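Structure, as structure tokens:
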Amino acid sequence: DVKVTQSSRYLVKRTGEKVFLECVQDMDHENMFWYRQDPGLGLRLIYFSYDVKMKEKGDIPEGYSVSREKKERFSLILESASTNQTSMYLCASSLWAGTGVANEQFFGPGTRLTVL
Amino acid sequence: AQTVTQSQPEMSVQEAETVTLSCTYDTSESNYYLFWYKQPPSRQMILVIRQEAYKQQNATENRFSVNFQKAAKSFSLKISDSQLGDTAMYFCATETSGSRLTFGEGTQLTVNP
């Protein structure tokens, strides 16, 4: 079974703190993704990565950065947390699109981040 | 830009009955994939069913089936013989090149005993 793990289920931080959210997958997937989930808005893509050290902006990258130093690990960084970044953060991974099949994304359990 | 719309924020159904969740989308891609994901109270997102746009036959997975109307850009999910374990948030999504997914707003389905 594919397993995607996230470092914390719940996290509380203060405004202005630097926050690291970690994601690890064990299926040697090339693609990794970070989403935020808010009620009524569904999931919105923050950043994604096709390979080690590669990153692409998603739909809402402002206020976030990412790091992918190893294939299995994809980190989301909030440089200076703000209250409007209080949300659920979901990590996902999938096989490279070149396989020619509908690429299922496998999700982690999510981190509920509260910024006070 | 792609958009996905789920016009039903909440739905409920009695156990053993059938329910249909609606989804419409907009894309300029010629080839794409469509997905329904389920997020139960445990928060673990799980793939329910997928459809490749170039396939005319509607996908089916046990009690779950889709009604894919390509011209109308509609992709509804039918759940037959609803079970209590089907209670979850359901998300419709489209995938285009680069493996990116665009999600709808979600529909909270409650199955009542």
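Sequence order for the protein chains is A and B. Counting from 179, one number per residue, gives the positions in the first sequence under our numbering. Counting from 3, one number per residue, gives the positions in the second sequence under our numbering. Quick reminder that beta carbons are idealized off the backbone N, C-alpha and C, glycines included. All values derive from a computational prediction rather than experimental measurement.
Opening and closing residue of the beta strand (DSSP E) in which residue i lies
i, result
"Thr22/B", "21-23"
"Val197/A", "197-203"
"Leu36/B", "35-41"
"Asp216/A", "209-216"
"Asp28/B", "26-28"
"Leu221/A", "220-227"
"Lys181/A", "Premise fails: Lys181/A is in no beta strand (DSSP E) and is neither H nor E."
"Ile238/A", "Ile238/A -> no beta strand (DSSP E), and no H or E assigned at all."
"Met91/B", "90-97"
"Arg52/B", "48-54"
"Ser272/A", "265-272"
"Val230/A", "From DSSP, Val230/A is part of no beta strand (DSSP E); its letter is neither H nor E."
"Gln116/B", "Past the boundaries of the shown model lies residue 116/B; chain B is included only from 3 to 115, so the question cannot be answered."
Within chain A, partners of residue i - CB distance below 8 Å
i, result
"Arg45/B", "Met266, Pro287, Gly288"
Under 7 Å from the C-beta of residue i: neighbouring residues of chain B
i, result
"Gln283/A", "Leu103"
"Gly220/A", "Phe93, Phe105, Gly106, Glu107, Gly108"
"Ser272/A", "Ser101"
Under 7 Å from the C-beta of residue i: neighbouring residues of chain A
i, result
"Leu49/B", "Glu282"
Proximal residues of chain B, C-beta to C-beta of residue i below 9 Å
i, result
"Ser186/A", "Here the premise fails: no neighbours, minimum Cβ distance about 13 Å."
"Leu223/A", "Arg102, Leu103, Thr104, Phe105"
Beta carbon proximity, residue i to chain A, threshold 9 Å
i, result
"Lys74/B", "The sequence shown places Ala at residue 74/B, not Lys. Not closer than 9 Å to any Cβ of chain A, the Cβ of Ala74/B fails to qualify, so no."
"Pro11/B", "yes"
"Gly106/B", "yes"
"Tyr35/B", "yes"
"Gln58/B", "no"
"Arg52/B", "yes"
"Val2/B", "In the structure displayed, chain B extends from 3 to 115; residue 2/B sits before or after that span and is not available."
"Tyr39/B", "yes"
"Gln8/B", "yes"
Beta carbon proximity, residue i to chain B, threshold 9 Å
i, result
"Phe211/A", "yes"
"Phe252/A", "no"
"Gly241/A", "no"
"Gly236/A", "yes"
Integer Cβ distance of residue i from residue j, believed to fall under 8 Å
i, j, result
"Pro115/B", "Glu17/B", "5 Å"
"Phe93/B", "Gln41/B", "7 Å"
"Lys233/A", "Tyr225/A", "6 Å"
"Leu268/A", "Gly236/A", "About 12 Å; that fails the 8 Å criterion."
Any chain D beta carbon closer than 9 Å to residue i
i, result
"Tyr225/A", "Protein chains in the displayed structure are A and B, and chain D is not among them."
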